[in-house]
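Since the structure comes first, as structure tokens, the remarks are kept for the end.
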Amino acid sequence: MSPTDAARLRELVDAWKRGCQLAVNEAWGVCHTRSEVQQLAYDRLREETSLGSQHAVLATHRAAEAIKRARQRDTDKPEFTSPTVAFDTRTMTVFDDRTVSLTTTGERVRCDLKLPAGDGYQSRYLDDEDWEPAKSTLHYRDGEFTFHLGFRTPRPAIDPPTEGATVLGVDLGVENLAVTSTARFFDAGELNHRREEFERVQASLEATGTRSAARTLRQAGNRVDRYVRQRLHEVANGIVAEAEEYDCELIAFGELTEAVDLLPEADPYHEWLFQRLLSFVEYRAAERGIAVVEVNPEYTSQRCMECGFTHPQNRNLDANQFECLKCEASAHDDYNAAKNIAFRCVRRGPLSSRGLGAAACALQSGVVTPDDGFTPYAELSEAPRSD
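Mapped onto the UniProt record's numbering, the consecutive letters of the sequence shown carry residue numbers 1 to 387.
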């Protein structure tokens, strides 16, 4: 790397830290979700730092994550001193010649990727068409830059339906990993239990610090990883099976970044968990011609599906219960949210320029449309299939 390129990256690191801190200062005590912090602080970052538009967005998201963690741990306002910068596919480009182009505060910098010698896993990811570059991080320490390049499996190319379709809504959570608008619940109790057990074992073995303890910790981690993967496959298969049973051409999730922000008890582990589950559902759904979309999940846990009244006190978090203050309709709060996610997919309008997209949301006993309201399956010309 030339001295000029190194200087540009150092300038970016400084601007990034300043931008994150400005966003935290602006949003501290006011808001904490990514969309809220972005809306509140973006203009100030563009005016008072040299960050480009996308890096300013990423900085507000990083600030939102820090604020949320501080609230969870009841700590002081975050201070950004770590010399790191987040990149996404809009701010970086990875080339086949093992170079990466990075957006800076000025001209882009193109650097060589120095990978470990031999047939390391990094090379396999770069060469495998089943993986694509994703969210990554640049670290600067002791005069050296290190780039942690992330990968993800690309989403299957499935076009949304061009005519009115029935949509299955899915709400994600901590106690219930997923709940569908047809009232199918996928419990997260065993996932949470195994994670807590592993964290206790991890703390004990790391304190021991021996080579044997490290080996035991690695084995324990592998067992947990295998169980998590198996459980995610089971849940993904169940969600797609539910869509097939109720003749749904669409499966709607709440946008993951917003969904995590709106769950006060969620942490980065849950964000990873939701991303993996979404990826598994997308692949299984694509094999069956079912499209997967994301909608804005805000207020879906507070809105009454019966009358539309929206209020925070409609939801009792401690009891996992939703009871409308206006019409007194009640339901499990995650189930109510799943129905609202499906209905929002219908209400938001065309999913593509070629057609209407979603027209009705699937419930356990019937469908709901904006014009006709609830219709039991018995009154429809085609009832849902049952196994």
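Heads up, the beta-carbon is just placed ideally off N, CA and C, and yes, glycines get one too.
Sequence-distant partners of SER279 (beyond 5 residues in either direction) whose C-beta falls short of 7 Å from its own C-beta, in its chain, are THR153. CYS327 has no beta-bridge partner at all, per DSSP. Secondary structure of PRO3 (DSSP, three-state): helix. Between CYS31 and PHE80, the C-beta gap is not smaller than 8 Å, which leaves the two residues out of contact. Three or more Cβ pairs drawn from the stretch 218-236 and the stretch 197-210 lie within less than 8 Å of each other, which places the two stretches in contact. Distance between ALA266 and ARG34, taken at the CA atoms: about 14 Å. In this structure, ASP5 keeps its C-beta atom at 8 Å or more from the C-beta atom of ASP171.
Residue pairing by DSSP places PHE253 opposite VAL170 and GLU294 in a beta bridge. For LEU149, the enclosing beta strand (DSSP E) begins and ends at 144-152. In this structure, DSSP gives GLY52 a state outside helix and strand, which the three-state scheme calls coil. Less than 8 Å separates the beta-carbon of ARG315 from that of PHE322. Beyond the five residues adjoining it in sequence on each side, SER365 comes within less than 7 Å, by CB distance, of PRO376 and TYR377 in the same chain, given in chain order. In the three-state scheme derived from DSSP, where H, G and I count as helix and E and B as strand, GLY373 is classed as strand. Pairing GLU249 with ALA291 gives a Cβ-Cβ distance under 8 Å. Secondary structure of GLN321 (DSSP, three-state): strand.
Per DSSP, THR93 is not a residue of any alpha helix (DSSP H); the beta strand (DSSP E) it occupies stretches across 92-94.
LEU191 is a Cβ neighbour of LEU177, given a cutoff of 8 Å.
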